[in-house]
Structure formats: C-alpha cells, structure tokens
C-alpha cells in the first residue's frame, strides 16, 4: 500500500520551459512534505519542503504547491536547466518524525538543451 | 551529503555471509536512519534511532540489525545475506525533529548478494 505516489516515472522538457512534477499521498496524517533530487551514484539532496499549513513555498526557481483537499502536491521548476536532470523524490512525514520519511518511487526528469 | 559517511561504497557478498555497513556523522545529530532503494522504488525505511542506545524498526527491518552505541555511529548489520538484500543502502541523519531541520543523506552503499 503506497502512501506516497509519483505516477509519472519520467518527464522530458526543453531547457527554459517549466517542469512540473506531481505527487499524491493517501495518509492524511502526513503534515510535512519534501522534495529530494538524486543524481546517479549519489545520495538524495534536499530541494524544498512545505508544511501542511501552507499551500505554497518558493525558493528561487523551485516552487512547491500543496492541495490538501486533493492530497496532491507538485514541484514546479522554472526555468528548467540541463543540470536539473535527475530523479526527483517526493517524501512525507507526520508528527515531527523527520527521521521516518515515506518516499514516492521517483520521477526521472530530463531537461534537453 | 556533507557530514554523513558510509562505508563501503560497493560490496559483493555470497548468500549466507554476514557484513556490516558503516555509517558515521560528525554533526552531533541525534536522529539517524537507514533506507534501502531498489530499482523502480523509492527509499524504504529499514531501522532508525532517536539517540544513543535507542533504535526501532522501520518498514522493512527483516534480515537487518542495528545498534547505536555512540551518537556518531549507526551500523547496519546483515547477519545472513540473501539475494533479496541486493540493494542500495542510504544512511541519513538530522539534528532534530520537525520543520526546518535538514535531513542529510550519505552517498550510498551498493550491495550485491550472489
């Protein structure tokens, strides 16, 4: 039973355009959501996060939107750059337990020059 | 990945052998976790620790043991390796719970059990 779902295994966009990565969750106890970026042969690197009391968080080119009623969040990258090509994981936790993350399966983003 | 060191980076084991994956952090973090990542899957929690001397099971703990004798170290032991334990293992640490506390991951340990 997957509690965090990333239904798109891959996404390809042109450099300079917007990348939108989606994530759905089923556990209504989750109150904090994170996006991680992962390059091959490296560990995940934190990108951006959002608390369930917010609906948007922005950091430079990265914006995360949260729709609690739909149990859906999305990561927008504008403009996309070739260096953004990586696997992106959505993760969540509840009750402050950031040491017990639940991850989605990931989406491979390819940004073409 | 600053501050979380995993060794070895690569290991091949025969079925039934035992080994320990090492994880060390130098950031004085209380909270440490082990995850495994399999092809087409996200990371899944194996075991975690909320401080020295305290450990608990995650989502997929079978076949693994952990201990936390010091704040810095959190080794993961495979007592009798099985092919199903072929995976990439990631150690993570964070200084505290809740928002705003960055979770740092190590670079991963690639384990193959033949």
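Protein chains in written order, with our numbering: chain A, 4 to 116; chain B, 82 to 195.
Where a beta carbon is used, it is the ideal one built from N, C-alpha and C, also for glycine.
These figures come from a predicted structure and were not determined experimentally.
Asked                                                                                                                       : Found
Candidates 164/B, 142/B and 131/B, of which the one nearest residue 157/B by Cα                                             : 142/B
Any chain A beta carbon closer than 8 Å to residue 45/B                                                                     : Residue 45/B lies beyond the range of chain B shown here (82 to 195); nothing can be said about it.
In chain order, each beta strand (DSSP E) run of at least 3 residues that lies wholly inside the region 27 to 78 of chain A : 35 to 41, 48 to 54, 59 to 62 and 65 to 70
Cα-Cα separation, residue 88/B to residue 115/B                                                                             : 13 Å
Status (buried if at least 16 other CB within 10 Å, exposed otherwise) for residue 135/B                                    : exposed
Inter-residue CB distance, residue 178/B and residue 115/A (contact presumed, cutoff 8 Å)                                   : So it is not a contact: roughly 40 Å between Cβ atoms.
Same chain, Cβ closer than 6 Å to residue 69/A, five either side skipped, listed in chain order                             : 53, 58 and 76
Residue 22/A beta carbon less than 8 Å from that of residue 62/A                                                            : no
Of the listed residues 81/A, 31/A, 17/A and 16/A, nearest to residue 7/A (C-alpha basis)                                    : 31/A
DSSP bridge partner residues for residue 91/B (one or two, in chain order)                                                  : 191/B
7 Å Cβ cut-off: residues of chain A touching residue 190/B                                                                  : The premise fails here: residue 190/B is roughly 10 Å from chain A at the closest Cβ pair, so nothing lies under 7 Å.
Classification of residue 121/B by the beta-carbon crowding that lies within 10 angstroms, buried from 16 upward            : exposed
Listed by chain order, chain A residues near residue 112/B by CB distance under 8 Å                                         : 101 and 102
Simplified DSSP state of residue 87/A, which is helix, strand or coil                                                       : helix
Beta-carbon separation (whole angstroms), residue 123/B vs residue 106/A, contact threshold 8 Å                             : 3 Å
Endpoints, beta strand (DSSP E) assigned at residue 103/B                                                                   : 100 to 106
Under 8 Å by beta carbon: chain B residues contacting residue 47/A                                                          : 124, 171 and 186
CB contact flag (residue 94/B, residue 162/B, <8 Å)                                                                         : yes
Rounded C-alpha distance that separates residue 82/B from residue 170/B                                                     : Since pLDDT at residue 82/B reaches only 46, below the 50 mark, its modelled position is unreliable, and the value read off the structure follows with that caveat. Roughly 14 Å separates the two Cα atoms.
Residue 184/B versus residue 12/A: straight-line alpha-carbon distance, rounded                                             : 24 Å
Range of the contiguous beta strand (DSSP E) that encloses residue 128/B                                                    : 124 to 132
Assigned secondary structure, residue 166/B (DSSP; H/G/I helix, E/B strand, else coil)                                      : helix
Residues from the region 62 to 88 of chain A in contact with chain B, defined by Cβ distance under 8 Å                      : none
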